Every structure is written in C-alpha cells, then in structure tokens.
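S.K.:
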Amino acid sequence: MKNINWKKLIPHVIAVAIFAIIAIIYCKPAFDGKVLQQDDTSQWRAMAQSSFKFKETHGHFPLWTNSMFCGMPAYQIAMDLENVFSTEPLNKIVTLGLPKPASFFFLACICFYFLACALCCNPYVAIATALSYAYCTYNPIIIAVGHETKMLAIAWMPALIGSLVLLFDKKYIWGTFLTAFTSAYLIGANHLQITYYTAIIIVFMSIGFAVYCFMHKQIKHLFVVAALAILAALVGVGNNIMTLRTTSEYGKLSIRGGSALATENDKGKATKTGLNKDYAMSYSLYKTEPLAMMIPRAFGGGSGEIDEAKSKAVEKLSEMQPQLAQQLQGYIQASYWGGIGATAGPPYIGAIICFLAFIGFVILDNKYKWWILACTVFTLMLSWGKYFDGFNTWMLAHLPAYDKFRA
C-alpha cells in the first residue's frame, strides 16, 4: 500500500465518477423504473417465448424450436452458456451494477478511457474523448432499437485495442492478460460483425507496428508480441467456443452459408459461401454520406421522423383529396434520403471531433498516423458497398468471411 502513488489515482477516480454521474443523469428514466420500447428486443423475446416456457418446466433451454421457420435450432435464439470463464459477474462489477442502458454508456466510457490512457493521453483529455465515443449519436440510436449486443461489442472494442497497445509497448504481462480478458468479453457480446470489424482494425494496427519494428530493428520484440497476442486471442476464442461452434454450424445451413441455386438474373450475385451480393450490400452508404459524421442531418434524420404537428407539408396534405394525399405522404415523410433506404438515425460523430481528428493526422506520431489513416479510408470504402461496386464486389469474393455480413 505504501508503494501506491495515490496522487496518480485521483484523475482515474474522477474519471469513473464523471462517467457514472453522466450515465445516471442521461438515463434517469431507467432509474425511475421505465424501460425502452426496443423493437428488436421485443421481437427476440417473442421468438424465444416457447424456449423460455420450456425452461420453466424442464430447467434448461431446448435445442430445437418449432416456432421459427417451421423448425430450427433453438440455440440460435436462447441458450444456456457453459463458458470456462463466466463474464457476467465481472461485467456487473465493471459497470458498477448500473441498469441498462446506463451500463452500456458507462462501459463504453471506461473502455475508451483505458485506450486513451494506454496511448499516454492526459487523463482529462482521455475523459473528454471517452465521453465523445460513448455518447456519439449512433450509440443511443442502436440502443433505442434494441441492438444491445452490438452496443456491448462497440463498448468493448477500444479496450481490446488498448490491451494490444500495451503489448506493443513491451508491457507483456498486463498486455497479454488484458488482451485475453477483453477478447473474451468482446466475443462474448455475441455480435460477430462488430468483432469482425475490430479484427480489421487490429490487422491494420499490426501491419503498422510490424513496419515500425522492422524500421527500428525490433524483430525479436515483434515475434514476442505476435506470440503473446495469438495466445491471448486463443483464450478469448476458447472461452466462447460453444457460441462460435454452434453459430458456425448453423451458418452453413442459413443464407450466410451461400446457395448453389441461382436464376438467370442471379448469376454473379449468388455465392456458394456467403450472402447474396444484393443482400450483403443492402446497407450501402452513398459516397458522400460519410459527411453525416461531421455535418448534422447531411442526409436527413431517421426514416419517418417528421413531426406532423409542425410540418407545413403534412398540413397541406390534410387539405388535399384523400387519394392524392395518400400517394404523396410516403415521399414527404421520408426524412432520410441516404443510400441505406431506411434507418433510425444518422451516424453523427460531431464536427469538433472530426476537426480534432484531422489535426491529429497532422501532428500524430508516425507510429500511429498511417495505419489509422489507411484503416479509416479502407473502412469508408467498405461502407460505400454497391455504390463502389468494383472494389466491394472483389472484397466480397476475396476478403475472408466478409460475405457473412451486410455492408
């Protein structure tokens, strides 16, 4: 206890307190006993209802259900997990036992704060960046519609990246332990698409650090980091092997397993290993749509979001003949005009945050700058999907497992 530098701990205690207070204030209705009306969560509960009734009678979830698609494996809807290391108890500790959705925002703050500290940021700068990450517009939107596993994976993502930063900085013991720990939690969130995108970031990060090590003749260090990172990743994967194996098994028999059948119109679109091209790219953004990250409502808000009480267009509709009004209503209420077709809201990050990011690319250490820039450009091109057809068709055919997800 005498060796602990209490003064150094003060900023971190302040950070935790700020994150908790803001999460509690932001999610105050949750502490008043109110719950979000989440469409996806309600639909999942309806799909899993027969499984929960079975568990009430038999004490465990069934492995098969007849309530979906004339019968399918029930473990894709609800399953009793028997992981080597249970993540639930520690998850409650890490989130201070806060109720949903406050726990999501608090966890995202803590994980990004850890990443910022791993990058040797000033603690108070780290607090500001963590809050910006946790409360960017996209996160409340996905929580509101019920994408809880997605939000949980997004929250854990910076913690895994921060753990790898520790490894690259020669903090081998803590880096290995935390990489195993955070990878177990990230995979355990059970949103494989976000896990896949995290892996893409890690690939760019690894290439960047490998180049750095070669340039500075740190080859031994590079191989040590690679070995420890692989070991930690195996621990994370191994802890979630039941979920991963069952998902892999089921995926081969679903639309993500591809199709050997194709009509004349489907040639070039159907695959034998993954999703149909049209479906895989159905969430494509226009090439200019990433501007919505820095310009509020550059492509509108959420679909059907217009306030009818204040809309002059809706007021005029009410004065028209019913048949004509009905034909025009769909166009007027389309308050999103981007490439996806329909969305609950824009992925706004913030003009100030984007401006600071641009400054960062100018003044940042070359150790981080180029791989972050390359990863940013690459993932933006992926987000364009069918609107950048040649590149993304090639990626869909050649990037491992990419055809399992929608753009």
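Under this note's numbering, the first residue of the sequence shown carries the number 237, and numbering increases by one thereafter. Quick reminder that beta carbons are idealized off the backbone N, C-alpha and C, glycines included. For clarity, every value in this text was computed on a predicted model and none was experimentally measured.
1) Where in the region 599-623 do unbroken runs of the alpha helix (DSSP H), each at least 4 residues long, occur, reported from the N-terminal end onward?
2) What residue from A468, F591 and Y515 has the CA that sits closest to A420's CA?
3) Only counting the same chain, and skipping five residues up and downstream in sequence, which positions put a Cβ closer than 7 Å to that of I589?
4) Taking contact to mean 3 or more Cβ pairs, one atom from each stretch, closer than 8 Å, check whether the region 330-337 and the region 294-307 are in contact.
5) For F536, which residues does DSSP report across the bridge?
6) So, is H296 buried or exposed, given that buried needs 16 or more other C-beta atoms within 10 angstroms?
7) Rounding to the nearest angstrom, what Cα-Cα distance links L402 and T415 in this structure?
8) Does DSSP classify M315 as helix, strand or coil?
9) Take the Cβ of C345 as the centre, count every other Cβ of all protein chains shown within 10 Å, and call the residue buried at 16 or more, exposed below.
10) Between the alpha carbons of G537 and Q273, how many angstroms are there, rounded?
11) Does DSSP put M517 in a helix, a strand or coil?
12) Is it right to say H427 is buried, meaning 16 or more other beta carbons lie within 10 angstroms of its own, or is it exposed?
13) Look up M308 in the DSSP assignment and give the residues it is bridged to.
14) Verify whether the separation of the beta carbon atoms of N476 and G424 is less than 7 Å.
15) In whole angstroms, what separates the C-alpha of S278 from that of I379?
16) If we call anything under 7 Å between Cβ atoms a contact, is F535 one with G574?
17) Between P394 and C347, how many whole angstroms is the CB-CB distance? I'm expecting something under 8 Å.
18) I'd like to know whether the C-beta atoms of R492 and K328 end up nearer to each other than 7 Å.
19) Can you tell me where the alpha helix (DSSP H) with I379 in it begins and where it stops?
20) Which same chain residues end up closer than 8 Å to K453 when comparing Cβ atoms and leaving out the 5 residues on each side of it in sequence?
21) At least one CB of chain B closer than 7 Å to the CB of N327: is that the case?
22) As a quick exercise: from I258, A633 and L343, pick the residue whose alpha carbon is nearest that of I390.
23) Looking only at its own chain, which residues have a Cβ that is under 7 Å from the Cβ of H383, when we skip the five neighbours before and after it?
24) One question on the structure: do A227 and M529 come within less than 7 Å of each other, judged by their Cβ atoms?
25) What is the rounded straight-line gap between the Cα of W607 and the Cα of M308?
26) The alpha helix (DSSP H) that contains M393, what's its start and end?
27) Please classify I585: does DSSP put it in a helix, a strand, or coil?
28) Distance check for I599 and L311, CA to CA, integer angstroms please.
29) Within 10 Å of its beta-carbon, does F597 have 16 or more other beta-carbons around it, so buried, or fewer, so exposed?
30) Do you know how far the Cα of P359 is from the Cα of K244?
31) Tell me the DSSP secondary structure of F641 in three-state form.
32) Taking Y638 as the reference, give the member of F624, I261, A578 and Y432 with the closest Cα.
33) Taking L632 as the reference, give the member of K523, K605, A364 and N512 with the closest Cα.
34) What residues in its chain sit with their C-beta under 8 Å from that of T482, if we drop five residues either side in the sequence?
35) Quick one: measure Cβ to Cβ for S520 and G621, integer angstroms, because I've assumed they're closer than 8 Å.
M.R.: If we stick to the structure as given:
1) 602-619
2) A468
3) S368
4) no
5) Contrary to the premise, residue 536 reads as Gly rather than Phe in this sequence. G536 pairs with A534 and Y572.
6) exposed
7) 9 Å
8) coil
9) buried
10) The alpha-carbon atoms of G537 and Q273 are separated by roughly 19 Å.
11) coil
12) Here H427 is buried. Its C-beta has 16 or more other C-beta atoms within 10 Å.
13) M308 pairs with T301.
14) yes
15) The alpha-carbon separation between S278 and I379 amounts to approximately 13 Å.
16) In this structure, the beta-carbon distance from F535 to G574 falls below 7 Å.
17) 5 Å
18) no
19) Y374 to V381
20) none
21) Absent from the structure is chain B; it holds one protein chain and no more.
22) The closest CA to that of I390, considering only I258, A633 and L343, is found on L343.
23) D276
24) Given that the chain is displayed from residue 237 to residue 643, the structure contains no residue 227 and the question cannot be resolved.
25) Answer to the nearest angstrom: the Cα atoms are 43 Å apart.
26) E384 to F404
27) coil
28) The residue asked about is misnamed: residue 311 is Tyr in this sequence, not Leu. When the Cα atoms are used, Y311 and I599 turn out to be separated by approximately 49 Å.
29) exposed
30) 10 Å
31) DSSP places F641 in coil when its eight states are reduced to three.
32) Y432
33) N512
34) P309, Y311, Q312 and M315
35) 3 Å
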